[in-house]
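Chains as they are written, first to last, in my numbering: chain A, 1 to 336; chain B, 337 to 672.
Working notes, structure below.
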DNA sequence: TTGTAAGCGTTATCAT
DNA sequence: ATGATAACGCTTACAA
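In structure tokens:
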């Protein structure tokens, strides 16, 4: 990889590197002619400043790190698109990393981002993460961090989340209002903030309509088909099986529907299903899946804006961190 | 962002930075005690080498650039997962960029990757790209490039692709064998390699079964619902409308099904649909969508391996570039 | 075995 | 207005 440097320009033009540097960035007053010559020559030989050298010098990279559990998940890939729009417009780059829902990978990613001198980190926690020392440490070093979607209470910073409580409430209420009497909930990892909030919403809806809360109907579950299949087996084996299931994520909804179909359960007659998903294809399902959608793109954008503001802020005044809760949308696709 | 450097270790231990450096990487023979002391102290104060300094010094970054049209697309996000497995295991990092199907964004991404000193580039071309000077230039500078999925003939390098011809052939053949007589094809951007190959496969199947080829049944089309909706309107308005559609991508299939449903077309009775998609949820559709799946993960892995081999190769012997064609799998989900 | 110094590309400080 | 120099963190000849 041969490269054009400031030195090459200086040599060719019989100038010092500092003059060239100044001409290039027009910072110091420099003779207009010199400036012109330099700029033209730079253009001609297609000079590009080396961001690595800059990073080393300035100890920052004009890029932010983004850690998501998984890219192959519509919610997160849409959130990333939101993030990229913002950071791109503000002259930054986004480095995307996946934790694959693994705590260990998350820690490694965090460390790597730190050593890469990203200017800030956007993160949505892995399902396995309970200990957040790696993030606290990072924050203590002065790295701005913003959570989106999945956060930890133990870190004081901006958080951008969906109104999971309300979303779960609406989903459950919808099922109640459609006449369902025994509504199960398949939830994700118990440690996640979203899981707790959604369970609370589910409970609140049952309470409001004075339905009994049966904790055996709440199943924490991994994403895989086998796990969900097991859980559904348990639910169906119950002497008083549910007539509806509220599933807490894209993956869970898909696995749930698959398992139910495999077991030849009539959806929605025997069991109605509502999801908390960002599946843009749910309307094509048989039957179409009602679902609570999160504003993924907007969540990414909001989080990115908050992070960049943190990064670029001048004032030394103490920061008041915000938790921004974005509304979810209940999309009813099947009168079940 | 306060940071621990080699200098800090040297100072604390009354050594020179070079000694510390050597101890840390165990390269030169160094007294075992010194080594031990250094390693322990480094561990203690949690020293992490600065990859930026290393990049600057070695003019390489131990990272590769990945440019895909869009992350919010199961095929590409799965391919990225394949890529990451490989590069991670071989001590590299993947920087992921999206062209959003835009030629301009692709050029910018390529330039940015170059200035970032990535060690190589994996790319799947944008739908808009016809001119590939930006890549040729990059290759001329010595940057290893490997194409996956969408390539250009004008660049001589490794290419890892799906057997698009065969996939399209199988899809079309399936429709013919199920008794369809007039099969339309909704294709993506005309400039893409995958588009041409799939059209060829489609044609070959029609030829084999001595069906007439009617070019008005081949529609190049953008991904959006409106565009596909228009195209379907045209097809249906035909005096002799098709009784089957072979769609060339995830997005096209989804838009196509949506449009058909909006128009109350009976699928598959009136029109059967087969896709070329990596949708893991197609079996939940009404009716379940038959589809040709590409080995996304494997494609990513293979491409990444080839790229890393190029990056790490010692020999100066001329390289023989390969084009690796991976088999697709026809998944029949509805007897239409 | 260890230290000194130069260099990777750039900018900021201090001379001139 | 321009040039010389040091510095960012690290590695590696070359010296000792």
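Just so it is clear, CB atoms sit at the ideal spot from N, CA and C, and this is done for glycine as well.
Compute the beta-carbon to beta-carbon distance between residue 392 (chain B) and residue 113 (chain A), rounded to the nearest angstrom, for a pair I have assumed lies under 8 Å.
Translated into the one-based positions of the second chain, residue 392 (chain B) becomes position 56. Translated into the one-based positions of the first chain, residue 113 (chain A) becomes position 113. Actually they are not in contact, since the Cβ atoms of residue 392 (chain B) and residue 113 (chain A) sit about 18 Å apart, beyond 8 Å.
State buried or exposed for residue 25 (chain A), treating a residue as buried only when at least 16 other CB atoms are found within 10 Å of its CB.
Reading the first chain from its first residue, position 25 is the one you call residue 25 (chain A). When all chains shown are included, residue 25 (chain A) counts as exposed.
Looking at the C-beta of residue 372 (chain B), does it have a partner C-beta in chain A at a distance below 8 Å?
Indexing the second chain from 1 puts residue 372 (chain B) at position 36. Residue 372 (chain B) does not count as touching chain A.
Does the structure place the segment 563–577 of chain B close enough to the segment 543–555 of chain B that three or more beta carbon pairs sit under 8 Å?
yes
For the alpha helix (DSSP H) that contains residue 665 (chain B), what are its first and last residues?
Reading the second chain from its first residue, position 329 is the one you call residue 665 (chain B). It is not in any alpha helix (DSSP H) - residue 665 (chain B) instead sits in the beta strand (DSSP E) that spans 665–667.
Locate the beta strand (DSSP E) running through residue 459 (chain B), then write down its first and last residues.
In the second chain, residue 459 (chain B) corresponds to position 123, counting from 1. Here the beta strand (DSSP E) through residue 459 (chain B) covers 456–459.
Could you tell me which chain A residues have their CB closer than 9 Å to the CB of residue 387 (chain B), listed as they occur along the chain?
Start at 1 with the first residue of the second chain, and residue 387 (chain B) comes out as number 51. Ordered by position in chain A, the residues that pass the 9 Å Cβ test against residue 387 (chain B) are 112, 115, 116 and 117.
Residues of chain B with CB closer than 8 Å to the CB of residue 48 (chain A), please, in chain order.
Looking up residue 48 (chain A) in the first chain gives position 48. Per Cβ cutoff of 8 Å: 447, 450 and 451.
Kindly indicate if chain B contains any beta-carbon less than 8 Å away from that of residue 142 (chain A).
As a working mapping, residue 142 (chain A) is identified with position 142 in the first chain. Closer than 8 Å: yes.
Could you spell out the range, first to last residue, of the beta strand (DSSP E) harbouring residue 246 (chain A)?
Here residue 246 (chain A) refers to the residue found at position 246 of the first chain. Run containing residue 246 (chain A): 244–247, per the beta strand (DSSP E) assignment.
Starting from residue 416 (chain B), find everything on chain A with Cβ-Cβ shorter than 7 Å and list it in chain order.
Position 80 of the second chain, counted from the first residue, corresponds to residue 416 (chain B). Residues of chain A whose Cβ lies closer than 7 Å to the Cβ of residue 416 (chain B) are, in chain order, 71.
Report yes if the CB atom of residue 35 (chain A) is closer than 8 Å to the CB atom of residue 23 (chain A), and no otherwise.
Locating residue 35 (chain A) in the first chain gives position 35, where the first residue counts as 1. Locating residue 23 (chain A) in the first chain gives position 23, where the first residue counts as 1. Result yes, Cβ atoms of residue 35 (chain A) and residue 23 (chain A) sit closer than 8 Å.
According to DSSP, is residue 342 (chain B) helix, strand or coil?
Here residue 342 (chain B) is taken as the residue at index 6 of the second chain, counted from 1. Three-state result, residue 342 (chain B): helix.
Closer than 8 Å by C-beta to residue 176 (chain A): which residues in its own chain qualify, once you throw out the five before and the five after it? Chain order, please.
As a first step, residue 176 (chain A) is located in the first chain; it is residue number 176 there, counting from the start. Closer than 8 Å at Cβ, skipping near neighbours: 183, 205, 206, 209 and 211.
For residue 272 (chain A), report the span of its beta strand (DSSP E) as first-last.
By 1-based counting over the first chain, the position of residue 272 (chain A) is 272. In this chain, the beta strand (DSSP E) harbouring residue 272 (chain A) covers 272–275.
By the 10 Å Cβ neighbour count, where 16 or more other Cβ atoms means buried, how is residue 600 (chain B) classified, buried or exposed?
In the second chain, the residue the question calls residue 600 (chain B) occupies position 264. So residue 600 (chain B) ends up on the exposed side.
Output needed in chain order: residues of the segment 255–288 of chain A with a Cβ under 9 Å from some Cβ in chain B.
257, 258, 261, 279, 280, 281, 282, 283, 284, 285, 286, 287 and 288
Go ahead and label residue 365 (chain B) buried or exposed: buried means 16 or more other beta carbons lie within 10 angstroms of its beta carbon, across all protein chains shown.
Reading the second chain from its first residue, position 29 is the one you call residue 365 (chain B). The residue is exposed, with fewer than 16 neighbouring Cβ atoms inside 10 Å.
Going by the CB atoms, is the gap between residue 157 (chain A) and residue 202 (chain A) shorter than 8 Å?
In the first chain, the residue the question calls residue 202 (chain A) occupies position 202. In the first chain, the residue the question calls residue 157 (chain A) occupies position 157. Result no, Cβ atoms of residue 202 (chain A) and residue 157 (chain A) do not sit closer than 8 Å.
Residue 139 (chain A) versus chain B: which residues are under 7 Å apart at the beta carbon?
Translated into the one-based positions of the first chain, residue 139 (chain A) becomes position 139. What residue 139 (chain A) touches in chain B: nothing, since even the nearest Cβ is about 11 Å away.
Excluding the 5 residues preceding and the 5 following residue 119 (chain A) in the sequence, name in chain order all residues of the same chain whose CB lies nearer than 7 Å to its CB.
The residue given as residue 119 (chain A) occupies position 119 in the first chain. Excluding sequence neighbours, residue 119 (chain A) sits near 60, 61, 62, 63, 64 and 311.
Taking Cβ to Cβ, would you say residue 268 (chain A) is nearer than 8 Å to residue 287 (chain A)?
As a working note, residue 268 (chain A) is residue 268 in the first chain. As a working note, residue 287 (chain A) is residue 287 in the first chain. In this structure, residue 287 (chain A) lies closer than 8 Å to residue 268 (chain A) by Cβ.
Can you give the Cα-Cα distance for residue 499 (chain B) and residue 664 (chain B), rounded to whole angstroms?
Taking the second chain and counting its residues from 1, the one referred to as residue 499 (chain B) is at position 163. Taking the second chain and counting its residues from 1, the one referred to as residue 664 (chain B) is at position 328. Rounded to the nearest angstrom, the two C-alpha atoms are 6 Å apart.
Against chain B, does residue 135 (chain A) count as a neighbour if the rule is that its beta carbon must be under 8 Å from one of theirs?
Taking the first chain and counting its residues from 1, one reaches residue 135 (chain A) at position 135. By this cut-off, residue 135 (chain A) is not an interface position.
For the candidate residues A:194, A:140 and A:199, whose alpha-carbon lies nearest to that of residue 185 (chain A)?
Position 185 of the first chain, counted from the first residue, corresponds to residue 185 (chain A). Closest option to residue 185 (chain A), Cα to Cα, is A:199.
Three or more beta-carbon pairs under 8 Å between the segment 129–142 of chain A and the segment 282–297 of chain A, yes or no?
no
Mind pulling the alpha helix (DSSP H) runs of 4 or more residues that sit fully within the segment 615–650 of chain B?
List check, alpha helix (DSSP H) in window: 632–648.
Consider the Cβ of residue 542 (chain B): report whether some Cβ of chain A lies at a distance smaller than 8 Å.
The count along the second chain starts at 1 and reaches residue 542 (chain B) at position 206. It does not; no Cβ of chain A falls within 8 Å.
Starting from residue 134 (chain A) and walking both ways along the alpha helix (DSSP H), at which residues does that stretch end?
Within the first chain, numbered from 1, the residue matching residue 134 (chain A) stands at position 134. Taken as a continuous stretch (DSSP letters only), the alpha helix (DSSP H) holding residue 134 (chain A) covers 133–140.
Here's the rule I'm using: 16 or more other beta-carbon atoms within 10 Å means buried, otherwise exposed. How should residue 659 (chain B) be labelled?
As a working mapping, residue 659 (chain B) is identified with position 323 in the second chain. So residue 659 (chain B) ends up on the exposed side.
Please list the terminal residues of the continuous beta strand (DSSP E) segment that includes residue 401 (chain B).
Here residue 401 (chain B) refers to the residue found at position 65 of the second chain. Residue 401 (chain B) -> beta strand (DSSP E) spans 399–404.
Can you tell me whether residue 254 (chain A) is helix, strand or coil according to DSSP?
Position 254 of the first chain holds residue 254 (chain A). The answer is helix: DSSP assigns residue 254 (chain A) an H, G or I state.
Check distances from the C-beta atoms of the segment 218–250 of chain A to those of chain B and list, in chain order, the residues that come in under 7 Å.
So the list is empty, because no residue satisfies the distance condition.
So which residues on chain A does residue 392 (chain B) lean against when the C-beta distance must stay under 8 Å?
Counting from one through the second chain, the residue named residue 392 (chain B) turns up at place 56. Those within 8 Å of residue 392 (chain B) in chain A are 50, 52, 53 and 56.
Output, in chain order, the set of chain B residues within a Cβ distance shorter than 7 Å of residue 96 (chain A).
What you label residue 96 (chain A) is simply residue 96 of the first chain in a count that begins at 1. Within chain B, the residues near residue 96 (chain A) are 432.
Hey, residue 160 (chain A) and residue 303 (chain A) are a contact pair by Cβ (cut 8 Å); roughly how many whole angstroms apart?
To locate residue 160 (chain A), count along the first chain from 1; it is residue 160. To locate residue 303 (chain A), count along the first chain from 1; it is residue 303. The pair is a contact, with the Cβ atoms about 4 Å apart (cut-off 8 Å).
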